[in-house]
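**Student:** First, the structure itself, so that you have it in front of you.
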Amino acid sequence: MKVLVAVKRVVDYNVRIRVKSDGTGVDKDNVVMSMNPFDENSLEEAMQMKEADVASEVIAVSIGDEKSEDTLRSAFAMGADRAILIKTDVELEPLAIAKLLAKVVEQESPQVAILGKQAIDDDSNQTGQMLSAMLGWSQGTFASNAEHVDGAINLTRETDAGLETIKITLPAVITTDLRLNTPRLPKLPAIMKAKKKPIETHEADSFGIDLAPRLEVVSVAAPAERAAGIIVANAAELVEKLKEAEAL
Amino acid sequence: MSILVVAEHDNASLISGTLSTLAAAKIIGGDITVLVAGENAGSVVTEAQALEGVSKVLVADNAALADGLAENIGNLVSSIAGNYSHVLTPASNFGKNFMPRVAAKLDVMQVSDIVEVVSADTFVRPIYAGNALMTVKSNDTVKLITVRSTAFDAVEATGGSAAVEDLAFSDVFAGSSFISRDVTLSERPELGTAKIVVSGGRGVGSKENFAVIEGLAEKLNAAVGASRAAVDLGYAPNDCQVGQTGKVVAPEIYFAIAISGAIQHQAGMSESKIIVAINKDADAPIFNIADYGIVGDLFDVVPELMEVL
Ligand SMILES: Cc1cc2nc3c(=O)[nH]c(=O)nc-3n(C[C@H](O)[C@H](O)[C@H](O)COP(=O)(O)OP(=O)(O)OC[C@H]3O[C@@H](n4cnc5c(N)ncnc54)[C@H](O)[C@@H]3O)c2cc1C
Chain A
1 MKVLVAVKRV VDYNVRIRVK SDGTGVDKDN VVMSMNPFDE NSLEEAMQMK EADVASEVIA
61 VSIGDEKSED TLRSAFAMGA DRAILIKTDV ELEPLAIAKL LAKVVEQESP QVAILGKQAI
121 DDDSNQTGQM LSAMLGWSQG TFASNAEHVD GAINLTRETD AGLETIKITL PAVITTDLRL
181 NTPRLPKLPA IMKAKKKPIE THEADSFGID LAPRLEVVSV AAPAERAAGI IVANAAELVE
241 KLKEAEAL
Chain B
249 MSILVVAEHD NASLISGTLS TLAAAKIIGG DITVLVAGEN AGSVVTEAQA LEGVSKVLVA
309 DNAALADGLA ENIGNLVSSI AGNYSHVLTP ASNFGKNFMP RVAAKLDVMQ VSDIVEVVSA
369 DTFVRPIYAG NALMTVKSND TVKLITVRST AFDAVEATGG SAAVEDLAFS DVFAGSSFIS
429 RDVTLSERPE LGTAKIVVSG GRGVGSKENF AVIEGLAEKL NAAVGASRAA VDLGYAPNDC
489 QVGQTGKVVA PEIYFAIAIS GAIQHQAGMS ESKIIVAINK DADAPIFNIA DYGIVGDLFD
549 VVPELMEVL
């Protein structure tokens, strides 16, 4: 079976972002970009499925501008068999992304699509669930463990109360949590080879989907900054301060 | 305007985020209906009826709705969402799991994790782990919204006397079934709503040592939290994780003990009223946002604290 993995190029998680002074967005000039961390977990999961002979082919898909090729090269380096870039110069919302991914699913007929539970830039946590609903596939979100058994997956999910296990039959959409696995570090020869692999490119507007944003961004602002407080000498002084502040 | 609030509950009682979600609904303004989808959730229905500001409680009772399976809750909500101007639910694991499905079915772009209602169609939501706040206007006819509980004060649990109406459900999705739940049992207050949270990080060193954190939490009648590193290392269960990809908390006092203060951790606790940091590294970023800091070894400081409390 084929496995489709969606990968997104985002501002690296170590970067402390800055809001543009005109309030239109976040400054992305000259900041380090990398693959959304959850997508590395998605790829790792797909690779493990391949190594366990559950999957035969791993296809990485990215939707974004030309530079998303870098992200797809990272996917190749981790072991993806093929890479598809859906090119767009505008930022698309999760709804539009899910619609495009549904089209790719239609063309490629995978049995499993793996997405990160959220992208660390927009933090929407929507795309996987939308894709699952559009396709009418089973949904397993926030996965911290996945066991493949006869056309189904016993999927353990991280919930607010602990863990829960559900059984989902294929085809299915999985969204990954960070504790699902430890993404492999690509080896140098794989990174070199990845540079030469072909990337299939399609224009986003060639799919006949309405990609226009539904949400109008009114403004983007920096949150109120928290001022640093004081260093106290010891526990007794701390308790005194907390009592003064009427917190205790 | 007519607003549907999808209640989060465990078939026995409402989960507190539902009350904060109602607070957001009240700010939007309009007639508020609460949907209780579950199985044998009579006590939840009674609770929902009594909530301040609710005019109707819809009850869908079906075994397929008992465990919050997203496909079934999503199908149910999709079937009635078109009757409302807004559908709201907590931005919890429950809400995040089903609401985007409704959005896909209705061809609506959901607004996730709002922290402020500017007007009936304009909302503020954090992006980039809370390092930016985006104000968005939704032009969809039905607005689908998940609400960050810590950003809205819960409505009163009493005072209402809403009418109850049954809602039929038969659109069961065959592909998914619930198997088991492994719930972390704790005598401590709930992390999301506790007045005081005591969190431990990687520096705690082991699961055994985490008892020090639990001891302080017990003394303060506080909830226990943890950094991702502490959860990854097995010192604390996953539901204790505070941060961008864990829970968001905003207690009166947040103790960050042996936690460096990575942006991803700050995303989950920076709205706390008072932040106390205990860390042996004077340069740890957590001190930049802490109101009170103690530079020192937790194994000295916490026992001292236990003594003077
Ligand atoms: C996509 C993504 C999402 C993430 N989401 C989250 C999230 O939701 N929540 C989260 O917390 N993290 C998250 N992280 C991880 C985050 O980046 C940090 O790695 C993590 O928060 C570090 O945890 P820590 O502070 O416990 O450990 P460290 O950064 O290792 O800090 C340990 C601290 O303990 C101190 N210390 C050590 N021993 C002692 C002692 N005896 N006494 C006192 N102090 C001591 C050290 O000085 C140090 O400051 C995420 C990362 C990524 C990439």
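These protein sequence lines are chains A and B, in that order.
For the first sequence, our numbering assigns the number 1 to the initial residue and increments by one for each residue that follows.
For the second sequence, our numbering assigns the number 249 to the initial residue and increments by one for each residue that follows.
C-beta atoms are modelled at their ideal positions from N, C-alpha and C, and glycine is treated no differently.
1) For the beta strand (DSSP E) containing residue 225 of chain A, name the first residue and the last one.
2) Mind checking if residue 200 of chain A is an interface residue toward chain B, Cβ cutoff 7 Å exclusive?
3) Can you find the residues in the same chain that come closer than 6 Å, C-beta to C-beta, to residue 167 of chain A, ignoring five residues on each side of it along the sequence?
4) Pick from B:352, B:376, B:304, B:302: whose alpha carbon is nearest that of residue 15 of chain A?
5) Does any heavy atom of ligand 1 sit closer than 6 Å to the C-beta of residue 499 of chain B?
6) Taking just the CA atoms, how far does residue 378 of chain B sit from residue 498 of chain B?
7) Taking only beta-carbon positions, decide if residue 138 of chain A is within less than 7 Å of chain B.
8) Count the other CB atoms, across all protein chains shown, that sit within 10 Å of the CB of residue 285 of chain B; report buried if there are 16 or more and exposed otherwise.
9) Here's the rule I'm using: 16 or more other beta-carbon atoms within 10 Å means buried, otherwise exposed. How should residue 482 of chain B be labelled?
10) Give me the residue from B:494, B:259, B:253 with the minimum Cα distance to residue 306 of chain B.
11) Mind checking which residues open and close the beta strand (DSSP E) that includes residue 471 of chain B?
12) Could you tell me which of B:509, B:471, B:450 sits nearest to residue 480 of chain B, measuring between CA atoms?
13) Under 7 Å Cβ-Cβ, which residues of chain B neighbour residue 245 of chain A?
14) Rounded to a whole number of angstroms, what is the C-alpha to C-alpha distance between residue 321 of chain B and residue 281 of chain B?
15) Between residue 516 of chain B and the rest of its own chain, which residues show a CB-CB distance below 7 Å, the 5 nearest in sequence each way excluded?
16) Comparing C-alpha positions only, which one of B:363, B:397, B:370, B:350 sits nearest to residue 263 of chain B?
17) Rank A:70, A:101, A:32 by C-alpha distance to the C-alpha of residue 133 of chain A and give the top, closest one.
18) Check whether the region 334-344 of chain B touches the region 258-277 of chain B, taking contact to mean three or more Cβ pairs, one atom from each stretch, closer than 8 Å.
19) From the DSSP output, which residues share a beta bridge with residue 391 of chain B?
20) Taking CB distances under 7 Å as the criterion, tell me whether residue 336 of chain B reaches chain A.
21) State the DSSP-derived secondary structure class of residue 382 of chain B, mapped to helix, strand or coil.
22) Residue 374 of chain B lies in the beta strand (DSSP E); which residues open and close that run?
23) Give the residues of chain B in contact with residue 121 of chain A, contact being defined as C-beta atoms less than 8 Å apart.
24) With distance defined between alpha-carbon atoms, name the residue in B:531, B:351, B:287 nearest to residue 329 of chain B.
25) Mind checking the region 17-40 of chain A against chain B and listing, in chain order, the residues whose C-beta falls within less than 7 Å of any C-beta there?
26) On the DSSP letters alone, give me the boundaries of the beta strand (DSSP E) that residue 513 of chain B sits inside.
27) List the residues of chain A whose Cβ lies closer than 8 Å to the Cβ of residue 566 of chain B, in chain order.
28) Quick check: residue 431 of chain B and residue 162 of chain A, are their CB atoms within less than 7 Å of each other?
29) For the beta strand (DSSP E) containing residue 63 of chain A, name the first residue and the last one.
30) At 9 Å on the CB atoms, spell out the chain A contacts of residue 429 of chain B, in chain order.
31) Does residue 52 of chain A pass the burial test, meaning 16 or more other C-beta atoms within 10 Å, or should it be called exposed?
32) Could you spell out the range, first to last residue, of the beta strand (DSSP E) harbouring residue 167 of chain A?
33) Taking beta-carbon pairs under 8 Å, can you tell me which members of the region 77-108 of chain A lie near chain B?
34) Is the Cβ of residue 229 of chain A closer than 7 Å to any Cβ of chain B?
35) Helix, strand or coil: how does DSSP classify residue 152 of chain A here?
36) Report yes if the C-beta distance between residue 419 of chain B and residue 288 of chain B is below 7 Å; otherwise report no.
**Tutor:** So, from the listed chains and residues:
1) Indexing the first sequence from 1 puts residue 225 of chain A at position 225. Run containing residue 225 of chain A: none; DSSP gives neither H nor E here.
2) Numbered from 1 along the first sequence, position 200 holds the residue referred to as residue 200 of chain A. For residue 200 of chain A, the answer is no, since every Cβ of chain B falls outside 7 Å of its Cβ.
3) Against the first sequence, residue 167 of chain A aligns to sequence position 167. If we look at residue 167 of chain A and ignore the five residues flanking it on each side, its Cβ neighbours are 152, 154.
4) Locating residue 15 of chain A in the first sequence gives position 15, where the first residue counts as 1. Selection B:352, B:376, B:304, B:302 evaluated against residue 15 of chain A yields B:376 as nearest (Cα-Cα).
5) Locating residue 499 of chain B in the second sequence gives position 251, where the first residue counts as 1. Not a single heavy atom of ligand 1 lies less than 6 Å from the C-beta of residue 499 of chain B.
6) To locate residue 498 of chain B, count along the second sequence from 1; it is residue 250. To locate residue 378 of chain B, count along the second sequence from 1; it is residue 130. Cα to Cα, the separation comes out at about 13 Å.
7) Position 138 of the first sequence holds residue 138 of chain A. It does: the Cβ of residue 138 of chain A has a partner Cβ on chain B nearer than 7 Å.
8) The residue given as residue 285 of chain B occupies position 37 in the second sequence. So residue 285 of chain B ends up on the buried side.
9) Locating residue 482 of chain B in the second sequence gives position 234, counting from the first residue. Exposed, since its Cβ has fewer than 16 Cβ neighbours within 10 Å.
10) As a first step, residue 306 of chain B must be located in the second sequence, where it is residue number 58. Comparing Cα-Cα distances from residue 306 of chain B to each of B:494, B:259, B:253, the minimum goes to B:253.
11) On the second sequence, residue 471 of chain B is found 223 positions in, with the first residue counted as 1. Bounds of the beta strand (DSSP E) holding residue 471 of chain B are 471-474.
12) Here residue 480 of chain B is taken as the residue at index 232 of the second sequence, counted from 1. With distances taken between Cα atoms, residue 480 of chain B lies closest to B:450.
13) The count along the first sequence starts at 1 and reaches residue 245 of chain A at position 245. Here the neighbours are 522.
14) As a working mapping, residue 321 of chain B is identified with position 73 in the second sequence. As a working mapping, residue 281 of chain B is identified with position 33 in the second sequence. So the alpha carbons of these two residues sit roughly 16 Å apart.
15) Taking the second sequence and counting its residues from 1, the one referred to as residue 516 of chain B is at position 268. Cβ within range, chain order: 490, 491, 492, 494, 495, 496, 497.
16) On the second sequence, position 15 is the one that residue 263 of chain B refers to. The shortest C-alpha separation from residue 263 of chain B is found at B:397.
17) If you number the first sequence from 1, residue 133 of chain A lands on position 133. When only C-alpha atoms are compared, the closest one is A:101.
18) Judged by Cβ distances under 8 Å, the region 334-344 of chain B makes contact with the region 258-277 of chain B, as three or more pairs qualify.
19) Taking the second sequence and counting its residues from 1, one reaches residue 391 of chain B at position 143. Note: residue 391 of chain B is bridge-paired with B:334 in the DSSP secondary-structure output.
20) Within the second sequence, residue 336 of chain B is the residue found at index 88, counting from 1. With 7 Å as the cut-off, residue 336 of chain B does not count as an interface residue toward chain A.
21) In the second sequence, counting from the first residue as 1, residue 382 of chain B sits at position 134. Note: residue 382 of chain B maps to strand in three-state DSSP.
22) Here residue 374 of chain B corresponds to residue number 126 of the second sequence, with the count starting at 1. It spans 370-375 - the beta strand (DSSP E) in which residue 374 of chain B sits, taken as one unbroken run.
23) Here the question's residue 121 of chain A lines up with position 121 in the first sequence. One finds 375, 376 in chain B with Cβ atoms closer than 8 Å to the Cβ of residue 121 of chain A, taken in chain order.
24) For the purposes of this step, residue 329 of chain B is taken as residue 81 along the second sequence, with counting starting at 1. Of all alpha-carbon atoms in B:531, B:351, B:287, the one lying nearest the alpha-carbon of residue 329 of chain B is that of B:351.
25) Listed by position along the chain: 17, 19, 26.
26) The sequence position of residue 513 of chain B within the second sequence is 265, counting from 1. First-last for residue 513 of chain B: 511-514, but that is the alpha helix (DSSP H), not the beta strand (DSSP E).
27) Outside the shown range of chain B (249 to 557) lies residue 566 of chain B, about which nothing can therefore be said.
28) Position 183 of the second sequence, counted from the start, is the residue given in the question as residue 431 of chain B. Position 162 of the first sequence, counted from the start, is the residue given in the question as residue 162 of chain A. In this structure, residue 162 of chain A lies closer than 7 Å to residue 431 of chain B by Cβ.
29) Position 63 of the first sequence, counted from the first residue, corresponds to residue 63 of chain A. DSSP places residue 63 of chain A in the uninterrupted beta strand (DSSP E) bounded by 57-64.
30) On the second sequence, position 181 is the one that residue 429 of chain B refers to. The contacting residues are 159, 161, 162, 163, 164, 165.
31) For this step, residue 52 of chain A is matched to residue 52 along the first sequence. Its Cβ having fewer than 16 others within 10 Å, residue 52 of chain A is exposed.
32) Within the first sequence, numbered from 1, the residue matching residue 167 of chain A stands at position 167. Unbroken beta strand (DSSP E) run through residue 167 of chain A: 162-169.
33) For the region 77-108 of chain A, which is checked against every Cβ of chain B, the residues closer than 8 Å are 93, 94, 95, 98.
34) Along the first sequence, one-based indexing puts residue 229 of chain A at 229. Residue 229 of chain A counts as touching chain B.
35) Against the first sequence, residue 152 of chain A aligns to sequence position 152. Taken through DSSP and simplified to helix, strand or coil, residue 152 of chain A comes out as strand.
36) Indexing the second sequence from 1 puts residue 419 of chain B at position 171. Indexing the second sequence from 1 puts residue 288 of chain B at position 40. No, they are not a contact pair.
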